[in-house]
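Chemist:
Chains as they are written, first to last, in our numbering: chain A, 309 to 593; chain B, 170 to 528; chain C, 4 to 291.
1) Flag residue 407 of chain B as yes if its beta-carbon sits less than 7 Å from any beta-carbon of chain A, otherwise no.
2) Could you tell me the distance, in whole angstroms, from the CA atom of residue 151 of chain C to the CA atom of residue 135 of chain C?
3) Note down, in chain order, every chain A residue with its Cβ under 9 Å from the Cβ of residue 126 of chain C.
4) Relative to the C-alpha of residue 524 of chain B, which residue among B:443, B:220, B:204 and B:207 is closest?
5) By alpha-carbon positions, which one of A:494, A:352 and A:419 ends up nearest to residue 279 of chain C?
6) Closer than 7 Å by beta-carbon distance: list the chain A residues that pair up with residue 22 of chain C, in chain order.
7) What span of residues does the beta strand (DSSP E) with residue 426 of chain B cover, start to end?
8) Confirm, please, whether the CB-CB distance from residue 447 of chain B to residue 390 of chain B is below 7 Å.
9) For residue 507 of chain B, which residues in the same chain have their Cβ closer than 8 Å to its Cβ, ignoring the five residues on either side in sequence?
10) Counting Cβ pairs closer than 8 Å, one from the segment 391-399 of chain B and one from the segment 217-236 of chain B, do we hit at least three?
11) Consider the Cβ of residue 52 of chain C: report whether some Cβ of chain A lies at a distance smaller than 7 Å.
12) Alpha carbon to alpha carbon, what distance is there between residue 518 of chain A and residue 459 of chain A?
13) Taking the C-alpha atoms as reference points, what is the distance between residue 437 of chain B and residue 415 of chain B?
14) Put residue 475 of chain A into one of helix, strand or coil per three-state DSSP.
15) Of the residues B:354, B:258, B:486 and B:268, which one's Cα is nearest the Cα of residue 333 of chain B?
16) Mind listing which residues of the segment 530-548 of chain A have their C-beta closer than 7 Å to chain C's C-betas, in chain order?
17) Helix, strand or coil for residue 523 of chain A? Go by DSSP, reduced to three states.
18) Using three-state DSSP, classify residue 198 of chain B as helix, strand or coil.
19) Leaving out five residues on either side along the sequence, give the residues of the same chain with a beta carbon under 6 Å from the beta carbon of residue 347 of chain A.
20) What's the C-alpha gap between residue 8 of chain C and residue 242 of chain B?
21) Step through the CB atoms of chain B and report whether any lies within less than 7 Å of the CB of residue 488 of chain A.
22) Can you find a C-beta in chain B that's less than 7 Å from the C-beta of residue 443 of chain A?
23) Any idea which residues DSSP pairs residue 522 of chain B with across the strands?
24) Between which two residues does the alpha helix (DSSP H) carrying residue 372 of chain A extend?
25) Could you tell me the distance, in whole angstroms, from the CA atom of residue 190 of chain B to the CA atom of residue 253 of chain B?
26) Please classify residue 246 of chain B as buried or exposed, where buried requires at least 16 neighbouring CB atoms within 10 angstroms.
27) Helix, strand or coil: which one does DSSP assign to residue 9 of chain C?
28) I'd like to confirm the pairing. Which residues does DSSP put opposite residue 175 of chain B in its beta bridges?
29) Just reading off the beta strand (DSSP E) that residue 259 of chain B is part of, what are its end residues?
30) Need the endpoints of the alpha helix (DSSP H) that residue 163 of chain C sits in, please.
31) Spell out a yes or no on whether the segment 459-469 of chain A and the segment 25-33 of chain C are touching, meaning 3 or more CB-CB pairs, one atom from each, closer than 8 Å.
32) Going straight from the alpha carbon of residue 356 of chain B to that of residue 450 of chain B, what length do you get?
33) My output table needs one value for residue 321 of chain A: the three-state DSSP class, helix, strand or coil.
34) Who pairs with residue 333 of chain B in a beta bridge, going by DSSP?
35) Closer than 6 Å by C-beta to residue 593 of chain A: which residues in its own chain qualify, once you throw out the five before and the five after it? Chain order, please.
36) Using only the alpha-carbon positions, how far apart do residue 130 of chain C and residue 159 of chain C sit?
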């Protein structure tokens, strides 16, 4: 009875909650269509235009506002995210696989790995740069020190995803393969891996998106300007005056994320649909 | 049976899980071309025994021999022992044909593509899956999955196949059919089957030889008839699910129980005194009758048709349920009045008596 | 001999787990140990040497700027923890318990996650045109004649930092809580209702206790992120709000590694205490 009153109230609340989540992004999208190059990053909109989008792609005549230094940073970030994704997923699958057997100290190792997603980026970033700078005397780069901290951050996510998948995995198919004379490694490749692939895909997605957007670790562990990743380039614009071009860039990166997730969704949907089709055929038969 | 004809032998194998002994110094061997049933209640260690032989578990102590070779420390994929799982464990992402060819396609021993195709087809035909080759394994019925599991194992031509309750996942109808097929297939292939089951009917019907396992120990081994008519202990009699067991005291050549004192000619040595009468050895007579043998008063409760026989349930004064089986081949069953008292009687020489005084 | 093969199997597992352990030790444990070590180094204007000293520690606790940052961090953390819980719990309650269709609850959760596809820094930045003197909130409130003068405390104050962080992190509360609520057996609630218990009673006696592990997991997520923050405070407070994270960034910027390390150690200790306290309430490994 109370739920008849409470449910509509909560429903209205959830709508307000969603507005709160999306509000800033709506405003940002509107302001990205501000007139340029003189329109500022605030209301009112002097005139609607796509000037700032054109500016990102270098399609506008040079003006007093420098274009965003994002081109190379974006490429660096994509390569870094890819490297991180591959390494984290491999480590995640291996570690989760090891956790299928009970071993001494497994609880300790579990917390050691999970701690990686809990320790703030400032700390791992600071510590790694201290090590590189003051102990080994090596130059920090996005593809060395920053890469190492990125993996230490995303590997726990990949590990947890794979752990959840392997917890539900029925090991008897692997034993069946062994009993047919197939080596454990070949069994992993031909049986286990195809069956856990949806989980691997999720782990990859996690690692890629987290690394792409990672900021505090890169701030400390990546080197100078020639090592800037995309979030660092965006952060660099904070210090000086901001312009609507950063808003336009935000809209574009969001669209890119959508595209990425759509690819993931399509891949997942394909495997789900295949399973459903098989189930339907079985019902008919 | 000599070691030469034994296909496998396990010697004093012990395996514990967290302090609980699943297998307690088990020694067992099976001959070439033999059908061995392993009967035991759940938790008796029968699956653990299979897994030790297959190499999925390493025993805490004891040795495992296969074809005269010590394989205790050999990994599962180098043993050449087939395994059929209760849940079939088919590769869900592969077709029927790919499942059957899996061991040849990916095994350590290379098999030519032509041989693989030929052998796969032959086995698929043998188990009666012709026409299903390209179906996914989730597009076929339970019985067909069972056949794929069997075909996948047999195509590797193992000398020993371990079957872990292979019929457990099938419905009763299919179970009966598959039982006959399993026997026939085994005879044609000439391999040794070690078939684990929790069903006494299955064990007695299928094995050339039956091994009874309880709490990690083998408590009897013999031909099905032998075990059926001469259970070695009250526990075996209990697992066979064919005997009414009465507690009592065996003393001075007679047994005293709920039915009074009955003379005993022959008793088997056992740690406790138990009087066992097979379900089909009991006769039901009215209370007014004066039977010659021992008699037990009991109230009729209900009956149950089992196809070839009828099971009648009675309850004694102290609340014990007594089962009386009537084989339909012996004539139409009598009908009894529910909640009415009857006398159950039997000929004392058909009883099996266990006791501390036994031999 | 069978022991040997058990050992061999054990080695198989350790071979798989070893790379992960080495990576985490090398790039997480050693760096944090390094921070502790360097916090005792001697700092000169242009250089740092490994001569042990307590100078940086003394300097930290003698300075109002540094200790102030510690208290600001703790204050902001507690406030944001409270706001994310208060904002998030009703949403989780609706998504996890009141929505009966599984599809709808999944759709709602996906809607909550979509904003995360925008870069974190841009999400922070997006609050500027929202909160500013000529920002969206002031414009709307003035159009509605609720206020006649724009509210100026919205931007470049502690309030703006709290608003920004609450929005960015509240989803981390919603997710775990909704997950735990979704696992509650509806029959228990029905049974309690049949026994005549009102919603308030059912909530406090059944629903809330069962959702507690979700609250704790959410609180851990929010805590570790807020405690390590510096970007939101930097971008939305106009450098008025200094958290421990901001101190670290500025100290590293001026090559004051020792002071950055002292701050890092203090942040580590605060973080450790917070995580340990939450883990006492709920065993994370069990809930997964």
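All residues carry an ideal CB built from backbone N, CA and C; glycine is no exception.
Modeler: Straight from the coordinates:
1) Your numbering for residue 407 of chain B matches position 238 in the second chain. Output row for residue 407 of chain B: interface = no.
2) The residue you call residue 151 of chain C lines up with position 148 of the third chain. The residue you call residue 135 of chain C lines up with position 132 of the third chain. Spanning the two alpha carbons is a distance of roughly 15 Å.
3) Position 123 of the third chain, counting from 1, holds the residue named residue 126 of chain C. Within chain A, the residues near residue 126 of chain C are 332, 333, 336 and 558.
4) As a working mapping, residue 524 of chain B is identified with position 355 in the second chain. The residue with the shortest Cα to Cα distance from residue 524 of chain B is B:443.
5) Counted from its first residue, the third chain places residue 279 of chain C at position 276. That would be A:419, whose Cα lies nearest to the Cα of residue 279 of chain C.
6) Position 19 of the third chain, counted from the start, is the residue given in the question as residue 22 of chain C. Chain A residues near residue 22 of chain C: 399 and 402.
7) For this step, residue 426 of chain B is matched to residue 257 along the second chain. Start and end: 423-426.
8) Taking the first residue of the second chain as position 1, residue 390 of chain B is located at position 221. Taking the first residue of the second chain as position 1, residue 447 of chain B is located at position 278. Taking 7 Å as the cut-off, the Cβ atoms of residue 390 of chain B and residue 447 of chain B do not count as close.
9) Numbered from its first residue, the second chain carries residue 507 of chain B at position 338. Taken in chain order, the residues that qualify are 469, 470 and 471.
10) no
11) Here residue 52 of chain C corresponds to residue number 49 of the third chain, with the count starting at 1. No - not a single Cβ of chain A is within 7 Å of the one on residue 52 of chain C.
12) Working through the first chain from its first residue, we reach residue 459 of chain A at position 151. Working through the first chain from its first residue, we reach residue 518 of chain A at position 210. Rounded to whole angstroms, residue 459 of chain A to residue 518 of chain A spans 10 Å at the Cα level.
13) Residue mapping note: residue 437 of chain B aligns to position 268 of the second chain, counting from 1. Residue mapping note: residue 415 of chain B aligns to position 246 of the second chain, counting from 1. Using only the alpha carbons, I get a separation of about 15 Å.
14) In the first chain, counting from the first residue as 1, residue 475 of chain A sits at position 167. In this structure, DSSP gives residue 475 of chain A a helical state, which the three-state scheme calls helix.
15) As a first step, residue 333 of chain B must be located in the second chain, where it is residue number 164. For the residues B:354, B:258, B:486 and B:268, the minimum Cα distance to residue 333 of chain B belongs to B:258.
16) Against chain C - using a Cβ distance shorter than 7 Å - the residues of the segment 530-548 of chain A are 539, 542, 543 and 546.
17) Numbered from 1 along the first chain, position 215 holds the residue referred to as residue 523 of chain A. Coil.
18) In the second chain, the residue the question calls residue 198 of chain B occupies position 29. Reduced to three states, the DSSP call for residue 198 of chain B is strand.
19) Sequence index remark: in the first chain, residue 347 of chain A carries index 39 (1-based). So the list reads 354, once near-sequence residues are dropped.
20) Within the third chain, numbered from 1, the residue matching residue 8 of chain C stands at position 5. Within the second chain, numbered from 1, the residue matching residue 242 of chain B stands at position 73. Residue confidence for residue 8 of chain C is low, a pLDDT of 37 falling below 50, so the modelled location carries little weight; the figure read from the coordinates is stated next. If I take the Cα positions, the gap works out to 6 Å.
21) Translated into the one-based positions of the first chain, residue 488 of chain A becomes position 180. Cβ-Cβ to chain B under 7 Å: yes for residue 488 of chain A.
22) The residue you call residue 443 of chain A lines up with position 135 of the first chain. No, its Cβ sits nowhere closer than 7 Å to a Cβ of chain B.
23) What you label residue 522 of chain B is simply residue 353 of the second chain in a count that begins at 1. Answer is B:436 and B:444, bridged to residue 522 of chain B.
24) As a first step, residue 372 of chain A must be located in the first chain, where it is residue number 64. Counted as a single uninterrupted DSSP element, the stretch harbouring residue 372 of chain A is not any alpha helix (DSSP H), since DSSP gives it neither H nor E.
25) Start at 1 with the first residue of the second chain, and residue 190 of chain B comes out as number 21. Start at 1 with the first residue of the second chain, and residue 253 of chain B comes out as number 84. If I take the Cα positions, the gap works out to 24 Å.
26) In the second chain, the residue the question calls residue 246 of chain B occupies position 77. Result: buried.
27) Taking the third chain and counting its residues from 1, the one referred to as residue 9 of chain C is at position 6. In this prediction, residue 9 of chain C has a pLDDT of 38, which is less than 50 and means its spatial position is unreliable; nothing more can be read from the coordinates.
28) Residue 175 of chain B sits at position 6 when you count from the first residue of the second chain. Paired residue(s): B:200.
29) As a working mapping, residue 259 of chain B is identified with position 90 in the second chain. No beta strand (DSSP E) contains residue 259 of chain B, which DSSP labels as neither H nor E.
30) Along the third chain, read from residue 1 onward, the residue named residue 163 of chain C stands at position 160. Residues 161-185.
31) yes
32) Working through the second chain from its first residue, we reach residue 356 of chain B at position 187. Working through the second chain from its first residue, we reach residue 450 of chain B at position 281. Approximately 34 Å, taken between the alpha carbons.
33) Numbered from its first residue, the first chain carries residue 321 of chain A at position 13. Correct three-state label for residue 321 of chain A: helix.
34) Taking the first residue of the second chain as 1, we reach residue 333 of chain B at position 164. Looking at the DSSP assignment, residue 333 of chain B forms a beta bridge with B:365.
35) Looking up residue 593 of chain A in the first chain gives position 285. Reliability fails at residue 593 of chain A, whose pLDDT of 45 lies under 50, so the model's placement of it is uncertain and the value that follows must be treated cautiously. Taken in chain order, the list of residues that qualify is empty.
36) Numbered from its first residue, the third chain carries residue 130 of chain C at position 127. Numbered from its first residue, the third chain carries residue 159 of chain C at position 156. Rounded to whole angstroms, residue 130 of chain C to residue 159 of chain C spans 11 Å at the Cα level.
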